[in-house]
Amino acid sequence: MKQTGLIANEEGFSGYYPALDTLRFLAVFGSFLHHSHLIRFIHGHTFFFVLAAFILTLLAQKEYAKTKQFSFFKFTMRRLLRIVPLYFLLLFVGFVCVPLFFDRAATLPDVIPYLTFTANYIQEPHVFLLAVLWAVSVQEQFYVFIGICFRFFYRLLPWIAVAMICVSVGYKYVSFLDRRSIYFETLNHFSSFGVGILLAIGVGEGWFEKVKKVPRLSIVFFYALLVAFFSQISHLYAFAWFNALDNVIVSLLFSVVILTNTVTPPIVFFAGKSSLLDYFGKISYGLYCYQGVIITFGLHVILPILPAGLHEFLPLLHFLLLLAVAHVSYQFFEKPFLNLKSRFRSEVTN
20 MKQTGLIANE EGFSGYYPAL DTLRFLAVFG SFLHHSHLIR FIHGHTFFFV
70 LAAFILTLLA QKEYAKTKQF SFFKFTMRRL LRIVPLYFLL LFVGFVCVPL
120 FFDRAATLPD VIPYLTFTAN YIQEPHVFLL AVLWAVSVQE QFYVFIGICF
170 RFFYRLLPWI AVAMICVSVG YKYVSFLDRR SIYFETLNHF SSFGVGILLA
220 IGVGEGWFEK VKKVPRLSIV FFYALLVAFF SQISHLYAFA WFNALDNVIV
270 SLLFSVVILT NTVTPPIVFF AGKSSLLDYF GKISYGLYCY QGVIITFGLH
320 VILPILPAGL HEFLPLLHFL LLLAVAHVSY QFFEKPFLNL KSRFRSEVTN
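Numbering-wise (my numbering), the sequence shown opens with residue 20 and increments by one.
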């Protein structure tokens with residue numbers, strides 16, 4: 020394998036693409052539509068996981084290119100400063116405020132899995148405003164794993180990514196045969212992370228330069244097929260092979276979406292060109308984490324006082340309130356912690 024992809028050549032490789040923020044917002048928006056029961060789309064998380072692995076691997080390539088090394092400590096501190104403050108604020112809301120004001124203590128889970136970022140393995144149903152945070156646990160576990168790989172096994176990264184995909188597919192297939200639900204388990208999503216890693220390596224290697232020559236009309240046709248695929252995807256789960264390969268297939272499709280908005284001029288409308296959508300991408304972590312709080316508040320507080328003729332507009336109210344809360348949180352709560360990330364940078368921003 021060429022050296023230029025793993026120790027990325029700085030010439031022509033910035034490790035940053037403006038459209039990625041817009042894509043992050045679209046991934047989170049997909050999860051909002053699913054949580055609002057407007058559509059059934061369980062793969063918003065898949066898109067976000069592919070994006071996360073893709074972005075972090077690009078940044079690791081850039082860090083190695085600039086510093087010839089990778090700091091696991093600095094990487095971990097940057098991840099913690101982004102994830103932990105808002106996450107623990109929401110734990111405070113769920114475990115302290117909910118029992119005090121809403122008398123919902125009976126539906127609260129054990130706090131330990133949430134404190135240790137293993138809440139995605141909780142089997143018992145519990146309050147939605149906490150349950151939605153399962154994806155944060157999955158990401159935090161991936162951050163620890165990939166940080167170790169970046170630091171100690173970087174040269175083996177392509178093979179590690181392939182192994183992640185194979186182990187995940189095998190695990191999903193066996194679980195399907197055993198009729199065991201593993202949707203929230205980390206191994207279920209390791210294939211998505213693996214595809215994201217390989218995609219970033221391929222971009223660094225220049226594997227996808229020919230994508231630039233693909234006619235725009237062909238790309239538009241692909242997007243039409245993508246919409247058709249997702250409209251019929253539920254029928255494919257009747258087959259064992261698709262239950263094992265669904266995340267791989269969907270992640271590969273999302274990889275094409277990423278490529279056609281990074282390597283080529285963005286095909287998604289306004290991707291990387293709208294300051295508003297870019298900003299929504301920057302606050303996407305809050306847009307995801309606050310979904311449980313906002314939707315729960317809307318169903319229990321807003322809906323009872325909303326005129327019957329306006330009930331169908333509740334999801335829109337949820338979304339507008341979600342944008343407002345995520346914006347205020349980002350500017351006045353999260354940003355002070357994010358500013359501390361500059362102390363743990365290796366001349367690379369992530």
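We put the CB at the ideal spot given by N, CA and C, even for glycine.
The alpha helix (DSSP H) that contains residue i, what's its start and end?
i, result
"aspartate 40", "38-54"
"cysteine 185", "176-196"
"glycine 213", "205-224"
"isoleucine 321", "Here isoleucine 321 belongs to no alpha helix (DSSP H), and DSSP marks it neither H nor E."
"cysteine 308", "303-308"
"glycine 63", "63-86"
"alanine 327", "Segment: none, alanine 327 is in no alpha helix (DSSP H) and carries neither H nor E."
"phenylalanine 356", "354-358"
Could you check which residue in the options has the C-alpha nearest to that of residue i?
i, options, result
"lysine 191", "Phe91, Ala72, Trp260, Asn358", "Trp260"
"phenylalanine 67", "Val214, Leu108, Val130, Phe351", "Val214"
"leucine 148", "Thr315, Val347, Asp297", "Thr315"
"valine 181", "Phe209, His62, Ser365", "Phe209"
"tyrosine 309", "Tyr140, Ala345, Pro177", "Ala345"
"tyrosine 256", "Arg198, Thr135, Pro284, Phe73", "Arg198"
"phenylalanine 203", "Leu335, Ser294, Thr281, Val151", "Val151"
"asparagine 139", "Leu127, Val239, Gln158", "Gln158"
"lysine 231", "Val275, Ile184, Phe89, Asp265", "Val275"
"leucine 339", "Phe352, Gly317, Pro326", "Gly317"
"tyrosine 173", "Leu271, His56, Val282, Ser90", "Ser90"
"isoleucine 268", "His62, Thr41, Leu42", "His62"
"serine 200", "Gln251, Tyr242, Asn262", "Asn262"
"serine 253", "Ile58, Val117, Pro326, Ile131", "Ile58"
"glutamine 160", "Asn207, Trp178, Ser194, Gln142", "Asn207"
"aspartate 129", "Phe120, Leu119, Ile141", "Ile141"
"proline 132", "Leu52, Gln88, Trp153", "Trp153"
"glutamine 251", "His54, Phe60, Gln88, His53", "Phe60"
Below 8 Å on the Cβ atoms is my guess for residue i versus residue j; work out the distance and round it to an integer in Å.
i, j, result
"proline 104", "phenylalanine 258", "In fact, because the Cβ distance is near 43 Å, the residues do not count as touching under 8 Å."
"threonine 76", "alanine 219", "3 Å"
"leucine 70", "leucine 39", "7 Å"
"serine 348", "glycine 300", "Serine 348 to glycine 300, Cβ: 15 Å. No contact."
"leucine 109", "valine 312", "7 Å"
"phenylalanine 44", "serine 303", "5 Å"
"leucine 127", "phenylalanine 114", "6 Å"
"valine 146", "valine 117", "6 Å"
"isoleucine 266", "serine 187", "The amino acid at residue 266 is misidentified as isoleucine; the sequence shows asparagine. 7 Å between Cβ atoms; contact."
"tyrosine 298", "serine 50", "Not confirmed; about 18 Å, so no contact."
"serine 417", "threonine 86", "Here the chain comprises residues numbered 20 to 369, so residue 417 is not present and cannot be evaluated."
Given residue i, which residues of its chain have a CB within under 7 Å of its CB, disregarding the five upstream and five downstream residues?
i, result
"isoleucine 26", "With a pLDDT of 46 at isoleucine 26, under the threshold of 50, the modelled position of that residue is not reliable, and the figure given next carries that caveat. Contacts found: Tyr83, Ala84."
"phenylalanine 32", "A caution first: phenylalanine 32 carries a pLDDT of 46, below 50, which makes its placement in the model unreliable, though a value can still be read off. Same-chain partners within the cutoff: Gly223."
"phenylalanine 73", "Gly215, Leu218, Ala219, Ile277"
"leucine 336", "Gly317, Ile321"
"isoleucine 102", "Val155, Glu159"
"alanine 46", "Gly63, Phe66, Phe67, Leu70"
Using a Cβ-Cβ cut-off of 6 Å (strictly less than) and excluding sequence neighbours within five positions of residue i, which residues of its own chain qualify?
i, result
"glutamate 29", "With a pLDDT of 40 at glutamate 29, under the threshold of 50, the predicted position of this residue should be treated as unreliable, though the coordinate-derived value follows. Counting only Cβ-Cβ distances below 6 Å, and skipping sequence neighbours, we find Ala84."
"lysine 360", "Arg97, Leu100"
"lysine 21", "Because lysine 21 sits at a pLDDT of 42, beneath the cut-off of 50, its placement in the model cannot be relied upon, and the point is left open."
I'd like to confirm something about residue i: is its beta-carbon nearer than 7 Å to some heavy atom of the ligand NAP, or not?
i, result
"serine 293", "You won't find the ligand NAP in this model; it holds no ligand whatsoever."
Excluding the 5 residues preceding and the 5 following residue i in the sequence, name in chain order all residues of the same chain whose CB lies nearer than 8 Å to its CB.
i, result
"leucine 322", "His330, Leu333"
"leucine 176", "Leu25, Thr76, Cys168, Phe169, Ile216, Ile220"
"threonine 23", "Any reading at threonine 23 needs caution, since the residue's pLDDT is 39, under 50, leaving its predicted position unreliable; the model's value is listed next. Contacts found: Gly223, Glu224, Gly225."
"threonine 283", "Val230, Lys231, Val233, Ile238"
"valine 163", "Thr95"
"glutamate 2", "Residue 2 is absent from the structure shown; the chain starts at 20 and stops at 369."
"glycine 166", "Phe91, Phe94, Thr95, Arg98"
"proline 326", "none"
"phenylalanine 248", "Leu272"
"alanine 352", "Reading off the sequence, residue 352 comes out as phenylalanine, not alanine. Pro104, Leu105, Leu108, listed in sequence order."
"proline 144", "Thr126, Ala150"
"leucine 341", "Phe51, Leu306, Tyr309, Gln310, Ile313"
"methionine 183", "Phe209, Ser210, Phe212, Gly213, Ile216"
**OP:** Within the region 229-294, note down every full beta strand (DSSP E) run reaching 3 residues or more, in order along the chain.
**Re:** Runs of the beta strand (DSSP E) inside the region 229-294: none found.
Original post:
Counting only runs that start and end within the region 95-175, where is the alpha helix (DSSP H) found for 4 or more residues in a row?
Top reply: The qualifying runs are 117-120, 131-134, 147-150, 153-171.
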